[in-house]
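The next block holds one structure in the form of structure tokens; read it before the comments.
There are 2 protein chains.
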Amino acid sequence: MNLNQIREKIQIILTENELPQDPTSFLLDQRKRYISENCLLVQPNSVESVQKVVRFCAENGVPITPQGGNTGLVGGSVAKSGILLNLSKLNKIRAINLADNTITVDAGCVLQNVQAAAQEAGRFFPLSLASEGSCQIGGNIACNAGGLNVLRYGTMRDLVVGLEVVLPNGELISHLQPLHKNTTGYELKHVFIGSEGTLGIITGATLKLFAPAQTTETAWVGVESIHDAVNLLTSIKNQFAERLCSFELMSRFALQLSSNFSKINQPVDSDWHLLLELTDSLKREDLGHLLAEYLYQNGYENSVLAQSEQERQNFWTLRENISASQRDLGVSIKHDIAMPIIQVADFLENCGSELQLEYPEMRIVVFGHLGDGSLHYNTFLPVKDNRAYEQEGAINQIVYRHILAQNGTIAAEHAIGSLKKHWLAQVRTADEILLMRAIKSQLDPNNLFNADKLLPSV
Amino acid sequence: MNLNQIREKIQIILTENELPQDPTSFLLDQRKRYISENCLLVQPNSVESVQKVVRFCAENGVPITPQGGNTGLVGGSVAKSGILLNLSKLNKIRAINLADNTITVDAGCVLQNVQAAAQEAGRFFPLSLASEGSCQIGGNIACNAGGLNVLRYGTMRDLVVGLEVVLPNGELISHLQPLHKNTTGYELKHVFIGSEGTLGIITGATLKLFAPAQTTETAWVGVESIHDAVNLLTSIKNQFAERLCSFELMSRFALQLSSNFSKINQPVDSDWHLLLELTDSLKREDLGHLLAEYLYQNGYENSVLAQSEQERQNFWTLRENISASQRDLGVSIKHDIAMPIIQVADFLENCGSELQLEYPEMRIVVFGHLGDGSLHYNTFLPVKDNRAYEQEGAINQIVYRHILAQNGTIAAEHAIGSLKKHWLAQVRTADEILLMRAIKSQLDPNNLFNADKLLPSV
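Chains A and B supply the protein sequences, listed in that same order. So the first sequence is numbered by UniProt numbering: it starts at 1 and just counts up by one. So the second sequence is numbered by UniProt numbering: it starts at 1 and just counts up by one.
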């Protein structure tokens with residue numbers, strides 16, 4: 001069925017406002033590397049409309065690509081044919097249940113709106129990431145998003161209580177009730193979480209809420225080695241437990257860049273920098289004192305506690321501006337990696353050495369969430385245009401070889417998409433990929449749902 | 001292949017100490033309702049031995065039933081033919097990683113030994129349930145065990161970082177590295193968790209550890225209604241957040257039984273009783289004061305704080321002795337149910353009314369973990385022998401009808417096993433069960449692994 005035929009049929013199924021006149025802004029992906037083409041954009045405004053479109057696709061063998069906020073970094077929400085189904089119009093907060101501490105939302109809700117709805121109800125929804133002003137809950141679930149609060153609250157997977165999914169045959173699975181204990185057969189919810197739109201369309205979710213913080217204390221700590229950083233993390237996690245929300249690592253070079261860019265002085269001078277934050281749901285006047293004393297007594301004297309909200313904001317600006325400040329270095333080859341925390345030091349040493357040997361002019365910007373073992377590992381060659389990408393494959397090879405040697409992962413929080421599907425067989429066994437294919441083919445026998453993503457081509 | 005032939009072949013594959021002389025103590029299940037027969041008990045002492053047995057079974061079409069501590073309550077670890085593979089000899093603590101806060105263990109480790117190993121390392125492993133002295137980690141994972149600390153720490157599913165599984169073809173999947181962020185294809189770990197031995201044999205796991213409590217405060221609160229109890233739970237969860245570890249409910253009748261049995265006075269007089277406990281990883285002298293003040297200011301004046309460890313123990317004894325104290329009432333028909341907390345009041349009223357109408361002589365003992373919505377709902381008819389079970393089907397029908405009407409689950413923390421597999425189609429859609437069958441048949445095409453459990457017969 002060609003695009004005109006699809007359009008004709010879909011016009012009968014959907015209402016006019018579900019068929020946007022100008023799809024332009026939905027086609028190019030966030031990284032400007034992938035572009036949707038030869039497809040029809042639809043924006044259903046109800047679960048029933050999603051089901052109608054899906055049934056139409058199933059009956060006519062039309063490919064279908066689900067899209068949320070289109071903020072993904074691996075080309076997962078890009079269509080090359082058939083229908084591009086954007087969830088933006090499914091954007092209602094359905095219910096808040098304070099007894100069960102849950103919020104039930106449409107999949108097209110923007111993350112920031114879910115955070116705001118929680119706050120309005122006197123609660124806290126912890127998922128937080130750079131694109132929270134435009135990314136959508138459905139996409140966060142499909143990619144198992146991570147972000148800033150994983151150390152304390154886990155990834156999106158840990159925050160989902162229940163899901164509503166339109167299967168590739170158009171049938172609805174709806175388990176939105178907040179059940180805190182339930183073991184009735186294989187847990188299919190977790191198969192859909194992280195499935196990147198290949199198994200159906202998530203239309204709604206019930207998510208966990210938490211108590212908001214009443215006390216926040218933020219410290220900047222300089223350490224001479226990753227080893228010292230990991231030692232501090234190990235002991236402070238046991239002392240302050242779930243209060244520890246953030247434990248961010250920055251290299252001397254990363255901080256220099258951001259300090260110059262932000263026009264904010266470095267809080268301390270050191271080879272490695274840590275930004276750590278504690279929160280408490282109770283007012284606790286002495287928390288800052290306890291933290292300062294703890295750092296001092298354990299020999300982390302090269303440290304500063306934020307003495308005001310302004311100073312705290314400065315700490316975070318230094319951390320958050322690293323990305324922006326490195327743009328002058330040229331085009332970066334980025335890596336979304338994570339590993340056991342205990343192996344971060346070896347990874348940085350071994351991988352860094354090999355890269356510097358191979359590319360003497362390379363600059364490496366290292367920062368990230370040491371608290372959960374995930375790093376931003378950005379490499380720059382002195383090439384300012386897209387010719388830098390010519391080395392991407394070779395650089396990826398080196399970085400991923402080292403990350404696998406440290407039992408790490410090549411996809412920490414951005415998922416697989418188009419970008420990394422040829423890497424999947426390196427991190428999953430043949431039996432696992434066969435099982436993934438069996439799941440895919442049971443639900444989507446004609447391979448219509450985001451067909452060229454996640455699973456490697458046969 | 002008959003049992004003698006199996007034994008002959010297995011004797012060649014395994015060493016003598018992996019073939020126990022007397023299997024008697026492994027055959028009868030915990031509830032004395034199911035018994036293994038016509039099977040050969042093996043106790044491999046290495047992952048390699050497990051693989052050898054599994055390969056033998058796959059090659060010869062021999063059924064295989066994995067068994068941990070044999071403490072299950074739904075007949076899940078009972079074999080009716082082939083091999084009964086008991087994991088008890090795979091019982092080593094493999095590693096503790098304090099930077100990542102994880103412990104890696106053999107599947108046959110007894111839960112209590114894992115708790116003890118964590119404690120020895122200055123950490124806390126939170127899974128805790130009545131059979132912890134004999135149940136095994138592999139069984140806890142296979143059944144997604146719940147227990148006393150779910151309110152704060154989640155079920156076993158939430159505590160598993162990584163798994164090692166021998167697949168039905170004998171191949172090993174091993175993902176024991178502690179990755180706190182990882183999204184590489186469909187999350188198969190969660191398919192194995194809760195799969196009740198139908199998809200392979202879990203041989204090892206990496207589990208989360210936590211900081212131990214430095215402060216514990218325990219209160220007993222009398223309330224006039226479930227409504228009042230849920231209101232308190234709602235607000236106290238937001239005030240004290242993750243400090244709230246236990247929020248246990250007992251009916252007047254349940255407490256009377258236990259008080260008489262335990263020879264401990266009831267702390268307060270009321271229609272409904274709550275036992276709640278807060279813990280904190282920091283020393284916090286004023287926590288008891290804060291809790292008392294909170295209860296008083298919110299109108300929960302009919303309450304007592306434990307003033308000593310002895311008093312705290314008495315509170316818990318009253319709660320824990322309910323099971324033992326009800327034995328004089330006769331044979332109980334038990335229900336392992338959970339529901340949204342907000343619907344507990346309606347369930348108790350509606351289900352109780354119908355049961356009392358149908359069975360005027362019935363006594364109902366209600367208690368459980370209100371904090372996570374799961375209840376022990378035990379019904380007694382004045383029949384002291386097993387004739388009580390004649391009414392089991394009819395009573396189940398009523399209770400489950402009401403629990404489903406409240407969006408609850410018929411299997412909160414004991415899983416499905418043999419006992420409830422004919423109920424699965426009531427709580428999962430046809431598409432979901434088809435997907436479960438597809439998963440099962442991809443991994444275990446000859447249906448050898450715990451074949452008659454979990455999934456309803458075709």
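C-beta atoms are modelled at their ideal positions from N, C-alpha and C, and glycine is treated no differently. Here the structure is a predicted model, which is why all the values come from computation and not from measurement.
For residue i, which residues of its own chain have a beta-carbon under 6 angstroms away from its beta-carbon, when the five flanking residues on both sides are left out?
i: glycine 200 of chain B; result: Val165, Val166, Leu167 and Pro168
i: arginine 312 of chain A; result: Thr218 and Ala306
i: proline 267 of chain B; result: Trp220 and Val304
In three-state DSSP terms, what is residue i?
i: serine 451 of chain A; result: The sequence given here places alanine at residue 451 of chain A; serine does not occur at that position. Coil.
i: isoleucine 264 of chain B; result: coil
i: glycine 352 of chain B; result: helix
i: aspartate 431 of chain A; result: helix
i: cysteine 39 of chain A; result: coil
i: tyrosine 359 of chain B; result: coil
i: threonine 183 of chain B; result: coil
i: threonine 24 of chain B; result: helix
i: glutamine 11 of chain B; result: helix
i: residue 495 of chain B; result: Outside the shown range of chain B (1 to 458) lies residue 495 of chain B, about which nothing can therefore be said.
i: aspartate 158 of chain A; result: helix
i: cysteine 57 of chain A; result: helix
i: glycine 139 of chain A; result: helix
i: aspartate 280 of chain A; result: strand
i: serine 128 of chain A; result: strand
i: threonine 379 of chain B; result: strand
i: methionine 250 of chain B; result: strand
i: serine 174 of chain A; result: strand
Would you tell me roughly how many angstroms separate the C-alpha atoms of residue i and residue j, rounded to the nearest one?
i: phenylalanine 367 of chain B; j: threonine 409 of chain B; result: 17 angstroms
i: alanine 229 of chain A; j: glutamine 297 of chain A; result: 15 angstroms
i: residue 459 of chain B; j: threonine 203 of chain A; result: Here chain B comprises residues numbered 1 to 458, so residue 459 of chain B is not present and cannot be evaluated.
i: histidine 402 of chain B; j: glutamine 426 of chain B; result: 13 angstroms
i: tyrosine 359 of chain A; j: valine 383 of chain A; result: 12 angstroms
i: residue 467 of chain A; j: asparagine 238 of chain B; result: Outside the shown range of chain A, which is 1 to 458, sits residue 467 of chain A, and nothing can be said about it.
i: isoleucine 13 of chain A; j: isoleucine 83 of chain A; result: 13 angstroms
i: phenylalanine 315 of chain B; j: leucine 40 of chain B; result: 45 angstroms
i: glutamine 442 of chain B; j: cysteine 143 of chain A; result: 25 angstroms
i: asparagine 60 of chain B; j: methionine 1 of chain B; result: 7 angstroms
i: glycine 68 of chain A; j: glycine 75 of chain A; result: 12 angstroms
i: alanine 292 of chain B; j: serine 128 of chain B; result: 27 angstroms
i: aspartate 280 of chain B; j: aspartate 286 of chain B; result: 11 angstroms
i: arginine 94 of chain A; j: isoleucine 264 of chain B; result: 47 angstroms
i: asparagine 113 of chain B; j: glycine 133 of chain B; result: 8 angstroms
i: proline 23 of chain A; j: asparagine 260 of chain A; result: 40 angstroms
i: alanine 116 of chain A; j: valine 110 of chain A; result: 10 angstroms
i: lysine 32 of chain B; j: valine 331 of chain B; result: 13 angstroms
Taking 8 angstroms as the limit between beta carbons, can you name the residues of its chain near residue i, skipping five residues before and five after?
i: glutamate 392 of chain A; result: Ile333
i: glutamate 18 of chain A; result: Val42, Gln43, Pro44, Asn45, Ser49 and Lys89
i: valine 53 of chain A; result: Ile10, Ile13, Leu14, Val42, Pro44, Ile64, Ile83 and Leu85
i: residue 469 of chain B; result: A query on residue 469 of chain B cannot be resolved here, the shown segment of chain B reaching from 1 to 458 and no further.
i: glutamate 301 of chain B; result: Leu295
Quick one: what's got a C-beta closer than 7 angstroms to residue i's C-beta in the same chain, skipping five residues either side?
i: lysine 420 of chain B; result: Val74, Ile410 and Ala411
i: asparagine 407 of chain A; result: Met339, Pro340 and Gln343
i: isoleucine 226 of chain A; result: Trp272, Val344, Ala345 and Leu348
Residues of the region 426 to 452 of chain A in Cβ contact with chain B at a cutoff of 7 angstroms, in chain order, please. Val427, Arg428, Thr429, Asp431, Glu432, Leu434, Leu435, Met436, Ala438, Ile439, Gln442 and Leu443
Check whether the region 98 to 108 of chain B and the region 204 to 215 of chain B touch, using three or more Cβ-Cβ pairs below 8 angstroms as the test. yes
Contact residues within the region 108 to 133 of chain B, judged by C-beta distance below 9 angstroms to chain A: Gly122 and Arg123
Evaluate contact between the region 183 to 193 of chain A and the region 429 to 439 of chain B, counting only Cβ atoms and requiring at least three cross-stretch pairs below 8 angstroms. yes
May I ask you to list, following chain order, the residues of the region 332 to 353 of chain A that have a beta carbon less than 8 angstroms from some beta carbon of chain B? Ala338, Met339, Pro340, Ile341 and Ile342
Using 8 angstroms as the cut-off, can you tell me whether the region 173 to 184 of chain A makes contact with the region 143 to 152 of chain A, which would need three or more C-beta pairs spanning the two stretches below that distance? no
Quick one, which residues of the region 366 to 377 of chain A are near chain B if we go by CB-CB under 7 angstroms, in chain order? Asp372, Gly373 and Ser374
Check distances from the C-beta atoms of the region 237 to 255 of chain A to those of chain B and list, in chain order, the residues that come in under 9 angstroms. Lys237, Asn238, Gln239, Phe240, Ala241, Glu242 and Arg243
Please list the residues of the region 134 to 148 of chain B that have a C-beta atom closer than 7 angstroms to any C-beta atom in chain A, keeping them in chain order. Cys143, Asn144 and Gly146
Residues, ordered as in the chain, of the region 292 to 321 of chain B that lie near chain A by beta-carbon distance below 9 angstroms: none
Any chance the region 108 to 124 of chain B sits against the region 215 to 222 of chain B, with 3 or more Cβ pairs inside 8 angstroms? no
Given a limit of 9 angstroms on CB to CB distance, which residues of the region 44 to 70 of chain B reach chain A? none
Would you list, in chain order, the members of the region 161 to 183 of chain A that have their beta-carbon closer than 8 angstroms to a beta-carbon of chain B? Leu167, Asn169, Glu171, Ile173, Gln177, Pro178, Leu179, His180, Lys181, Asn182 and Thr183
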